[in-house]
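This report refers to the structure that appears directly beneath it.
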Amino acid sequence: MGSMADDDARDIGPHRVWIEPPDVLRTQIRGDITVEHVMALLDVIDGFPPRVRVYILRDARQTGVPTREAREALVKNLPVERVAAVVTYGASFQVRAILMMLSHAMRVLRPSHPRFVFVETEADARAFLQAVSARRA
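Each residue of the sequence shown is one higher than the one before, starting from 1 at the first, in the numbering used here.
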């Protein structure tokens, strides 16, 4: 699981995403998140092969706040059966609080929600993914 070159990136508004085969979607979130950004991200997840459970590796160092509509779209439309975990690094306290509220909303509305993990650095996030990968092997 190495990082991809910028040439392999796709922009979603001010944000950037990369697919790291076979099952990692790396995101770099820059600024606020709109419902259009959420829907485009969900389209990227839909592009993974049907049986693949996706791990979202989220760089939140420059993250703004998701709009109310974006939060609602995420809770209602995230394909929870396709997403194994969302691993976020570099998130501020405010962003962590918002994401934890989203996680709780998903847990209430959709019991099979993905796991949300917060770590400090990209190295910590990749170590988590490596450990998960080793357990699956």
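From the three backbone atoms N, C-alpha and C, an ideal C-beta is built for every residue, glycine too.
If you're wondering where the values come from, they're calculated on a predicted model, not measured in any experiment.
{"query": "In the DSSP assignment, find the unbroken beta strand (DSSP E) run with Val119 in it and report its ends.", "result": "Arg115 to Val119"}
{"query": "Which partner residues does Gln28 have in the DSSP bridge list?", "result": "Arg16 and Asp59"}
{"query": "Which residue from Pro79, Leu74, Arg58 and Phe118 puts its Cα closest to that of Ile19?", "result": "Arg58"}
{"query": "List the endpoints of the continuous alpha helix (DSSP H) containing Val95.", "result": "Phe93 to Leu109"}
{"query": "Pull the bridge partners of Ala70 from the DSSP assignment, please.", "result": "Paired residue(s): none; Ala70 is not in a bridge."}
{"query": "Alpha carbon to alpha carbon, what distance is there between Gln62 and Gly2?", "result": "Note that Gly2 has pLDDT 45, beneath the 50 cutoff, so the model's placement of it is unreliable and no number is given."}
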